[in-house]
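Scroll down for the structure; my scribbles are underneath it.
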Amino acid sequence: MKITEQEVRRVAELANLALTEEEIVRMTQDMDGILEHMEKLKELDTSNVEPMSQVLYDSEETATLRADVERKPLGNADALANAPVSGQGYFKVPRVIEK
Amino acid sequence: MTIDSIRADLLGKKRSAEEIAREALKFAEAENPKTNAYLTFAPERALAAAKAVDQKIAAGEDPGPLAGVPIAVKDVILTRGVRTTCASRMLETYIPPYDATAVIRIEQAGGVIIGKTNCDEFAMGSSNENSAFGPVRNPVALDRVPGGSSGGSAAVVAQGTAVLSLGSDTGGSIRQPASFCGVTGVTPTYGRVSRYGLTAFASSLDHIGPFSRTVRDSARLLQVMAGRDEMDSTSAFAPVPDYVAALDGNIRGMKIGIPKEYFDGLASDTGNVIHAAIEELQKLGCEIREIHLPHTAYAVGCYYIICTAEASSNLARYDGVRYTRRSESAGTLQEMYRQTRDEGFGAECKRRIMLGTYVLSSGYYDAYYLKAQKVRALVAQDYAQAFEQVDAIVGPVSPFPAFKLGEKVDDPASMYLSDIYTVTGDLAGVPCMSVPAGKTPDGLPVGLQIITSHFNETAMFRIADAFERA
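Residue numbers (the numbering used here), protein chains in the order written: chain A, 71 to 169; chain B, 92 to 561.
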């Protein structure tokens, strides 16, 4: 086994997912099968290879700062329009700090 | 209908853009129960765009290169005021406050967006069975999948309920459904089309691209969308050539590479169609050479490490605060995050968030994520070396044609392996497309994949167009 149920529980906590017991069992099996394919990469010697984090190509120009021109922002009402709960121009969440 | 036939109707005053839009909406709504390819129709937006085209024509102005053309947009691409669900329960009622750059450019060119298409949830899948709103059926064979993740966008073009559509491709999500449904689908160079307004799945791999019936129409749609956008810092400055002008049918003397690695494990019915297509290219005067892409076997593992890692970060934003859904049973902040995510995400999304969190977690980062970034460099190097010898690479899109609904749904690892011929192009960021090449004895479409070097969409379109005409 590449991964245990205990590890899956820890990862679910990191990922902020509340998985049921049933989901944990299934997830462990699925992740195990997929991690096996991922392990195949260990066959390759990459000691002299630079990591590629973004697609690279020859370019005459590169990302530059845009002109510092004022532009209309999205606006408070539009930004809050999809909030499940909002009020007073803010996103509302359950109480975090006790009085 | 094609872009040209619609233009002829409009300028010849046979039909108005408004009439075309009304007919297109009526037909698409009537046909939709067969395939479930559309999730939302946008009649108000479509009619407003169509009327604008009619007004321009009446005023004697140029109505734009996509004038009056009914276009469908994958539901991971934002449309202001028109529901955009990402085929997820998480965003079931989400109404975007802004438009994607691609959408703005289409409407500026006279295009008429008629609706939003079904897909795998957050574009994660190869069969369109991961949609929270039910799978899409392949219009060619209704008991089969249309491919994924842009299954709805491929299906509407195959079904004729849109002339063009937009998809997104992260590991094959445009080319594979194009192949399965028998239409043309294009993944441009990474950065060629702005990602602004494309819901992020794996940002270093995500592309927006066109679907169409003809190569020419895909070239035209890409022409409209391509080019630098200051809202996406990864969009390219490279000038956009005239793609349609390059479609002269002449591919004599072009050097085409056939990667040996793309024929291992290929189903024979698919292989026969691909071999016949290669012979056809030879008849058209191309020089065929065997080449090697030696790291192909590592690409699926590499891809799934990088895409799940990026997905786990990108999907962290769906936490019950900003995006419509919040669990009703949550008391504390922590419960709100966890229960909202548990209720809102489907099984495949959870699987990828979990894998991504795992490969990025302390103690595993070097072994998985950093390793995958290095292997990605090797995959890109394979292409760079190949393009020193050849002008283009051709091969299959998928190891097999459209499979039956439910056939692979319980085996995620085998579903992932079916992406073997498509993920390499995304990892390297090179342009690639699927063009219909023929059918299996069972009548299932098979697409030919054509891959060229960065920003050489012109050569890719020229080969595809010459092949299509032959």
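Using N, Cα and C, we set each Cβ at its ideal position, and we do this for glycine too.
is_contact[methionine 322 of chain B, chain A] using C-beta, thresh 7 Å: no
Per DSSP, the bridge partner or partners of glycine 170 of chain B: Going by the sequence as given, residue 170 of chain B is threonine instead of glycine. The partner list for threonine 170 of chain B (beta bridge, DSSP) reads B/Val173.
Identified DSSP bridge partners for cysteine 523 of chain B: B/Thr278 and B/Ile542
DSSP state of threonine 208 of chain B mapped onto helix, strand, coil: strand
CB contact flag (serine 285 of chain B, threonine 192 of chain B, <7 Å): yes
Where leucine 233 of chain B falls, given that 16 or more other Cβ within 10 Å makes a residue buried: exposed
CA-to-CA distance, threonine 74 of chain A to threonine 275 of chain B, given in whole angstroms: 44 Å
Any 3 or more C-beta pairs closer than 8 Å across the segment 128-142 of chain B and the segment 109-119 of chain B: yes
Interface residues of the segment 389-401 of chain B facing chain A [CB-CB below 8 Å]: Tyr389, Val391, Gly392, Cys393, Tyr395 and Ile396
Chain A within 7 Å of tyrosine 449 of chain B, Cβ atoms only: yes
Residues of its chain near serine 418 of chain B, where Cβ-Cβ distance is below 7 Å and the 5 sequence neighbours each way are ignored: Gly411, Met427, Gln430, Thr431 and Glu434
For alanine 317 of chain B, the three-state DSSP class (helix, strand or coil): strand
Cross-chain neighbours of threonine 423 of chain B in chain A, by beta carbon under 8 Å: Pro164
Test: glutamine 124 of chain A CB closer than 7 Å to a CB of chain B: yes
DSSP state of arginine 180 of chain B mapped onto helix, strand, coil: helix
Distance between asparagine 146 of chain A and glutamate 498 of chain B (C-alpha atoms, nearest Å): 47 Å
Delimiting residues of the alpha helix (DSSP H) encompassing valine 577 of chain B: Lying outside 92 to 561, the shown extent of chain B, residue 577 of chain B is not represented and no answer is given.
Helix, strand or coil at threonine 549 of chain B according to DSSP, with G and I counted as helix: helix
Proximity test, Cβ basis, 7 Å: methionine 108 of chain A and chain B: yes
Cross-chain neighbours of asparagine 146 of chain A in chain B, by beta carbon under 8 Å: The contacting residues do not exist; asparagine 146 of chain A stays about 11 Å from chain B at best.
From B/Ala269, B/Val514 and B/Lys441, residue whose alpha carbon lies closest to that of arginine 96 of chain A: B/Lys441
Environment of glutamate 198 of chain B [buried if 16+ CB atoms lie within 10 Å]: buried
Start-to-end residues for the alpha helix (DSSP H) that takes in tyrosine 428 of chain B: 424-435
Closest by C-alpha distance to glutamine 146 of chain B, when choosing among B/Arg136, B/Ala158 and B/Glu135: B/Ala158
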